[in-house]
Amino acid sequence: MMRRRLAGAIGLALMVIGTWASTAGAQSSARLPSDVPSRGLRLPDRSVTTQSDATSLEVNPAGLGFMENAEALYGFDLHSSRARSTFDDQHGFFAGAGGDWLAGAVGFQWLDASLFGPRFEAYQKYTFSGALRPSEGLSLGLSTHVFGSATSRDLQGQTAVDLGLQWRPS
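With numbering that gives the first Met the number 0, the residue at position 11 of the sequence shown is 10, and numbering never jumps.
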């Protein structure tokens with residue numbers, strides 16, 4: 000009984016935070032150019048259905064709900080003159096922890112998308128995520144991304160919100 004009350008309270012808190020964050024993001028994104036590359040570090044597994052580790056906050060935050068441990072990950076992708084990609088050098092640090100019904104994670108990324116122009120040169124993406132798993136096969140997640148840049152007023156302080164759902168019936 001206590002677990003259900005606690006899960007309900009956390010679910011309500013996530014909904015309130017999600018509503019607030021999406022409202023704040025909608026207000027601040029009016030200035031955000033449509034070509035902002037909000038995709039972060041290129042990950043080996045970008046599946047919205049199978050990912051269940053600390054990098055889930057980048058793909059589908061609901062995947063965090065299936066974590067039952069703690070982990071920290073560092074990833075990088077260095078620019079190569081042979082392979083042209085959207086990003087030049089990029090680095091990311093992700094840390095998360097999960098339990099029976101609640102999980103959380105943070106991500107810090109240093110990105111350079113100079114191909115989109117000088118205003119997307121050397122910026123940061125900070126992500127804060129949480130997930131609630133009310134049953135064995137269902138998880139709900141929320142990620143809030145905050146962008147920072149010393150060189151771009153377009154990106155500095157902008158926010159984006161991702162809501163995720165994963166259902167694993169078996």
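Don't be surprised by glycine CBs; every beta carbon is placed ideally from N, CA and C.
Just so you know, these numbers come straight off a predicted model, no measurement behind them.
Legend entry - Cβ neighbours of Y73 in the same chain (closer than 6 Å, five flanking residues each side left out): As a first step, residue 73 is located in the sequence shown; it is residue number 74 there, counting from the start. F92, listed in sequence order.
Inset, instruction - Evaluate E57 with the Cβ neighbour count: other Cβ atoms within 10 Å of its Cβ, from every protein chain shown; 16 or more gives buried, anything less gives exposed. - result: Taking the sequence shown and counting its residues from 1, one reaches residue 57 at position 58. Buried.
Legend entry - Simplified DSSP assignment, three categories, for P168: By 1-based counting over the sequence shown, the position of residue 168 is 169. Secondary structure at P168: coil, using DSSP grouped into helix, strand and coil.
Legend entry - Secondary structure of E67, DSSP reduced to three states: Reading the sequence shown from its first residue, position 68 is the one you call residue 67. Three-state result, E67: coil.
Inset, instruction - Could you check what DSSP says for A61 in three-state terms: helix, strand or coil? - result: Locating residue 61 in the sequence shown gives position 62, counting from the first residue. In this structure, A61 counts as helix in the three-state DSSP scheme.
Inset, instruction - With a cut-off of 8 Å on the beta carbons, I'd call G64 and L154 a contact; round off their distance for me. - result: For this step, residue 64 is matched to residue 65 along the sequence shown. For this step, residue 154 is matched to residue 155 along the sequence shown. Contact doesn't hold; Cβ gap of about 30 Å is too wide.
Legend entry - Contained beta strand (DSSP E) runs [length at least 3] in the segment 101-150, N- to C-terminal order: The beta strand (DSSP E) runs of length 3 or more contained entirely in the segment 101-150 are, from start to end of the chain, 101-110, 122-134 and 137-148.
Inset, instruction - Go ahead and label A69 buried or exposed: buried means 16 or more other beta carbons lie within 10 angstroms of its beta carbon, across all protein chains shown. - result: Walking along the sequence shown from the start, residue 69 turns up at place 70. When all chains shown are included, A69 counts as exposed.
Inset, instruction - Please name the residue or residues paired with D161 in a DSSP beta bridge. - result: Along the sequence shown, read from residue 1 onward, the residue named residue 161 stands at position 162. Per DSSP, S142.
Legend entry - T54 classed as buried or exposed, judged by whether at least 16 other C-beta atoms fall within 10 angstroms: Here residue 54 refers to the residue found at position 55 of the sequence shown. Around the Cβ of T54, a 10 Å sphere holds 16 or more other Cβ atoms; the residue is buried.
Legend entry - A102 beta carbon near the ligand MN (any heavy atom closer than 6 Å): The ligand MN is not part of the structure shown, which contains no ligands of any sort.
Inset, instruction - Kindly give me the distance between the Cβ atoms of G103 and G129, rounded to whole angstroms, as I take these residues to be in contact under 8 Å. - result: Counted from its first residue, the sequence shown places residue 103 at position 104. Counted from its first residue, the sequence shown places residue 129 at position 130. With a contact defined as Cβ atoms closer than 8 Å, G103 and G129 qualify at about 5 Å.
Legend entry - Residue closest to S148, alpha-carbon to alpha-carbon, out of S138, D111 and Q165: Taking the first residue of the sequence shown as 1, we reach residue 148 at position 149. Among S138, D111 and Q165, the Cα nearest to that of S148 belongs to D111.
Legend entry - Residue burial classification, A169 (beta-carbon count within 10 angstroms, cutoff 16): Taking the sequence shown and counting its residues from 1, one reaches residue 169 at position 170. First, the residue type needs correcting, since residue 169 is Ser and not Ala in the sequence shown. Under this definition S169 is an exposed residue.
Inset, instruction - Report the residue from G106, R152 and R167 whose alpha carbon sits nearest the alpha carbon of S138. - result: The residue you call residue 138 lines up with position 139 of the sequence shown. Here the closest residue by C-alpha is R167.
Legend entry - Coil, strand or helix - L154 by DSSP: To locate residue 154, count along the sequence shown from 1; it is residue 155. Collapsing the DSSP output to three states places L154 in coil.
Inset, instruction - Between the Cα of A121 and those of A71, S151 and G98, spot the shortest distance and give me the residue it belongs to. - result: For the purposes of this step, residue 121 is identified with residue 122 of the sequence shown, where counting begins at 1. The residue with the shortest Cα to Cα distance from A121 is S151.
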